[in-house]
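This report concerns only the one structure given below.
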Amino acid sequence: MGEAVAGIVANPASGQDIRRLVARASVFPTAEKANMVQRLLSAFAVAGVGRVLVSTDRGGVSAAVRRALGQGTGPVPGVEFCDQDPLTGSAQDTVNAVRRMVDAGASVIVCLGGDGTARVAATACGDVPLLALSTGTDNAFPHMREATVAGLAAGFVATGDVDVDLVTQRVSVLEVVTKNRRENALVDVAVTVSRHIGAKALWEPAALTELYCTFAEPDGIGLSSIAGQLCPSPRSSADGVALQLGPVAECAHVVHAPIAPGLVSRVGVRGWSVLRPGVRVDLAAAGGVIAVDGERELELKNGEGAYVELRSDGPWCVDVRAVMAEAATQGLLRTAGRKRG
Numbered sequence: 006m007g008e009a010v011a012g013i014v015a016n017p018a019s020g021q022d023i024r025r026l027v028a029r030a031s032v033f034p035t036a037e038k039a040n041m042v043q044r045l046l047s048a049f050a051v052a053g054v055g056r057v058l059v060s061t062d063r064g065g066v067s068a069a070v071r072r073a074l075g076q077g078t079g080p081v082p083g084v085e086f087c088d089q090d091p092l093t094g095s096a097q098d099t100v101n102a103v104r105r106m107v108d109a110g111a112s113v114i115v116c117l118g119g120d121g122t123a124r125v126a127a128t129a130c131g132d133v134p135l136l137a138l139s140t141g142t143d144n145a146f147p148h149m150r151e152a153t154v155a156g157l158a159a160g161f162v163a164t165g166d167v168d169v170d171l172v173t174q175r176v177s178v179l180e181v182v183t184k185n186r187r188e189n190a191l192v193d194v195a196v197t198v199s200r201h202i203g204a205k206a207l208w209e210p211a212a213l214t215e216l217y218c219t220f221a222e223p224d225g226i227g228l229s230s231i232a233g234q235l236c237p238s239p240r241s242s243a244d245g246v247a248l249q250l251g252p253v254a255e256c257a258h259v260v261h262a263p264i265a266p267g268l269v270s271r272v273g274v275r276g277w278s279v280l281r282p283g284v285r286v287d288l289a290a291a292g293g294v295i296a297v298d299g300e301r302e303l304e305l306k307n308g309e310g311a312y313v314e315l316r317s318d319g320p321w322c323v324d325v326r327a328v329m330a331e332a333a334t335q336g337l338l339r340t341a342g343r344k345r346g
């Protein structure tokens, strides 16, 4: 096997949406994101990664990493910055960077952001395993993990020291299709009667009418937590869940759901059902806005139809715990100690 290549993409804007104001969501400052990138690089070096491609941005993350590398912060792999494409300050920057990493032969990509960043990275990574680290607001998909441990795990995947088939899982995605657009969601698709996108983040559940989830964990955060309290569905399941929502006063079920950090809201649920892979479900809404992974993205004109479909061909995702367990079994982080005479 040749030189091991990995990628790191860090979204400078993650964790800065309106939910920081209406709730008490955590803020990941630029300095901490840059520090996380540096911790990843240090761990990559220990794991034997030889080359790392890092995204660039207008928010100061990549600039801080460049400064730290110039000051010499310990052993790191060879670092290259993805600066060939003009920066737009939009999700396209993430797409461009991930595509550069894939083209350069990256065997794993670490993504720093929230659900939205992970979703965008997943659209561009193809079959390259993705490890999503939480630095966003609602983090239903990415895991909150120390970057050092995540870097070791991603590094062992990149080098091939662990069998990628044992430590990665292909996750499901929801595809929502309208007349003019199609988008994928890693966690949920929601329909709201709101007429305009406005602030992208959803934090008022009263206007929601439909919710579709790839998984629903009882200890989850975000809109999927509604389903997690009624009809839990693990990430390992091929099935998803579909919920019909409505005003609290009109629904048979009411859930107190943590739809955002610091924001537990009462949500009315009319009913729910299993969402099977490959089955197209027409949305009942005839107008309104469709949100993917908690962010309003698609406007529906009056009378315009749309459908959602659960698919099993989402990104390959790294299971950090499984990687580190395999590393322990193989002794990848052990060396022989000095024997006393």
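First residue of the sequence shown: 6, per the numbering used here; consecutive thereafter. Backbone N, C-alpha and C fix where the C-beta goes; we use that ideal spot for every residue, glycine too. All values derive from a computational prediction rather than experimental measurement.
ask   = Under a three-way DSSP split, which group does N40 fall into?
value = helix
inquiry  = Can you tell me which residues form a DSSP beta bridge with G118?
reply    = S139
request  = Give the straight-line distance between the Cα atoms of G99 and E302, rounded to the nearest whole angstrom.
outcome  = At residue 99 the sequence reads Thr, which differs from the Gly that was named. The alpha-carbon atoms of T99 and E302 are separated by roughly 17 Å.
ask   = Helix or strand or just coil, what does DSSP make of R275?
value = strand
query = How would you label K184, buried or exposed, when you count the other beta carbons within 10 angstroms and need 16 or more for buried?
reply = exposed
ask   = What are the start and end residues of the beta strand (DSSP E) that includes E151?
value = Careful: E151 lies outside any beta strand (DSSP E) and carries neither H nor E.
key: A212 vs S230 beta-carbon contact at 8 Å   = no
key: For A109, three-class secondary structure by DSSP   = coil
query = Does the region 45-56 come close enough to the region 151-168 that 3 or more CB-CB pairs lie under 8 Å?
reply = yes
ask   = A123 and A137: beta carbons closer than 8 Å?
value = yes
query = Out of L280, V284, G283, A311, which has the shortest C-alpha to C-alpha gap to I295?
reply = A311
query = Do you know whose CA, among R72, I264, A243, V279, lies nearest E300's CA?
reply = I264
key: Supposed close pair V172, E331 - CB separation, criterion 8 Å   = 6 Å
Whole beta strand (DSSP E) elements within the region 245-317, 3-residue minimum = 245-251, 258-265, 268-280, 285-287, 293-297, 300-305, 312-316
query = Taking the alpha-carbon positions, what's the G165 to A152 distance?
reply = 20 Å
task = Taking only the alpha-carbon atoms, compute the straight-line gap between V81 and P266 and give it to the nearest angstrom.
result = 35 Å
key: According to DSSP, residues forming a beta bridge with T173   = V323
query = For the 8 Å Cβ check, are there 3 or more pairs between the region 144-151 and the region 49-64?
reply = no
ask   = Quick one: is G79 buried, meaning 16 or more other Cβ sit within 10 Å of its Cβ, or exposed?
value = exposed
task = Apply the 10 Å Cβ neighbour rule to P239 and answer buried if 16 or more other Cβ atoms are within range, or exposed otherwise.
result = exposed
query = Which partner residues of C87 appear in the DSSP bridge assignment?
reply = S60
ask   = From R186 to G336, what does the alpha carbon distance come to, in whole angstroms?
value = 49 Å
inquiry  = Quick test of the definition: if touching needs 3 or more C-beta pairs under 8 Å, does the region 242-260 touch the region 270-279?
reply    = yes
task = Please list, in chain order, all residues of the same chain as V169 whose beta carbon is under 7 Å from its beta carbon, the five residues on each side excluded.
result = P134, V162
request  = From the DSSP output, read off the bridge partner residues of E180.
outcome  = N189, E314
key: Local Cβ density within 10 Å of T334, reported as buried at 16 or more and exposed below that   = exposed
key: In DSSP terms, what S242 is bridged to   = Answer is none; S242 lacks a bridge partner.
key: R44 versus A68: straight-line alpha-carbon distance, rounded   = 16 Å
First through last residue of the alpha helix (DSSP H) which encompasses V66 = 66-76
task = Check whether the Cβ atoms of D244 and L288 lie closer than 8 Å to each other.
result = no
ask   = Can you pull the DSSP bridge partners for V10?
value = R56
message = I'd like the list of long-range same chain contacts for V113, defined as Cβ closer than 7 Å, with 5 residues on each side in sequence excluded.
response = A11, V133, P134, L136, A159, V162, A163, V323
ask   = Rounded to the nearest angstrom, how far is the Cβ of V115 from that of I13, given a contact under 8 Å?
value = 5 Å
query = To the nearest angstrom, how far is it from the Cα of A232 to the Cα of A221?
reply = 6 Å
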